Each structure stands twice: as structure tokens, then as C-alpha cells.
Amino acid sequence: MSLKEVIEVEALEDTPLIQFGRAERSGPRASHYDALVITAILANYEVGRIFIDLGSSTDILFGEAYDQMQLGDVSLEKVNTSLYGFAGEVVHPRGMISLPLTMGAGTTRKTCMLKFLGVDVPSAYNVILGRPTLTVFQAVISIYHMKIKFPTPWGSRGSPRRPPPI
Numbered sequence: 117m118s119l120k121e122v123i124e125v126e127a128l129e130d131t132p133l134i135q136f137g138r139a140e141r142s143g144p145r146a147s148h149y150d151a152l153v154i155t156a157i158l159a160n161y162e163v164g165r166i167f168i169d170l171g172s173s174t175d176i177l178f179g180e181a182y183d184q185m186q187l188g189d190v191s192l193e194k195v196n197t198s199l200y201g202f203a204g205e206v207v208h209p210r211g212m213i214s215l216p217l218t219m220g221a222g223t224t225r226k227t228c229m230l231k232f233l234g235v236d237v238p239s240a241y242n243v244i245l246g247r248p249t250l251t252v253f254q255a256v257i258s259i260y261h262m263k264i265k266f267p268t269p270w271g272s273r274g275s276p277r278r279p280p281p282i
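First residue of the sequence shown? That's 117 in the numbering used here, and the numbers climb one at a time after it.
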């Protein structure tokens, strides 16, 4: 009688296949290094200039956008953390806020509650979506196609429109 090793195998999730086709490439982009910037619905406001940043370990809502949304300081939770910029400067956040973010439209939309750090620093963007959001949405990004996709109950969907360059 010989001993056989039993390997535990987990069932695969029933997640739709996410892929990008040649026809989905938009505009003449022979060689580009553009950032992926989208428009989405944040707390019932259409917000443009949302930068998708795979290098960010947090989601950021910049002070100017926060103020325009008139959310009030009562919504902010105090945080005891600091952020460090490219030049090593220290940024002390206003606080943390939980807000619903909707990407896509119609049956291609998905809404998730997210936590944003509110910061008062000048920025060309209103929001930075980092790895936390991309993980929650199970998002896949293609810089080549300038698209973001994520699974929904109706299959692989979502490709928020890209606002015109600033």
C-alpha cells in the first residue's frame, strides 16, 4: 500500500473573463504614455479628473473637490496618519470619509463604498483612486486601451469615459 498526498483545491470564483480587444482602442495613440483619467459618480456628484494610480496605497479626495461637494466636516473621521509626497514633504489629512463611488452606467455600472483620505494640497486632479478601490472593484486596467474594466452581475463591464485633456 502506498501513501498518496492529497492536495486541497479551492473552487474558482465564477468571475467573468475580462479582456480588451483591438477595436476598443480609442483615438490615434501610436505611442503614448498618458495617465488614465476618468469621470465617475462620487456621492451623487459627477466628478471628473479622477486619476487612476496603481502606485497609490490609498484613495485621495482633494480639498477643493471636497469643498465643492459640500459634504461638511461632520462627515470626516479623524486620522492619526501622514502622507509623504514625491519630494518627501509631509501632508496631514483633514480626515477620512466613506463615500459611494459608481463607475460605468446602466447595466455596466458598479457602486462600492470606499474610504477616502481628505487632503488639502493643490492638485490637477479631484480624486486619486489607488489600489484599495481597484481591488474592491476587481478592476483591470489597460493603459494601451485607456480603459478600466471590472466584473458586474451582467458580466465584464465598465469603461468610464475619459474626459478631454485639460
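Backbone N, C-alpha and C fix where the C-beta goes; we use that ideal spot for every residue, glycine too. Just so you know, these numbers come straight off a predicted model, no measurement behind them.
| query | result |
| --- | --- |
| Which same chain residues, not among the five before or five after Val-207, have their C-beta less than 6 Å away from its C-beta? | Leu-199, Val-235 and Val-237 |
| Can you give me the start and stop residues for the beta strand (DSSP E) that Leu-215 sits inside? | 211 to 219 |
| Consider the Cβ of His-261: report whether some Cβ of chain B lies at a distance smaller than 7 Å. | The structure shown contains no chain B; it is built from a single protein chain. |
| Thinking C-beta only, is Leu-158 closer than 7 Å to Leu-215? | yes |
| Measuring alpha carbon to alpha carbon, tell me which of Pro-132, Ile-123, Leu-133 and Ala-139 ends up nearest Met-262. | Ala-139 |
| By Cβ distance, which residues of its chain are closer than 8 Å to Leu-192, with the 5 residues on each side in sequence left out? | Arg-210, Gly-211, Met-212, Ile-213 and Gly-234 |
| Going by DSSP, what residues sit across from Ala-156 in a beta bridge? | Val-163 |
| Alpha carbon to alpha carbon, what distance is there between Lys-194 and Tyr-260? | 39 Å |
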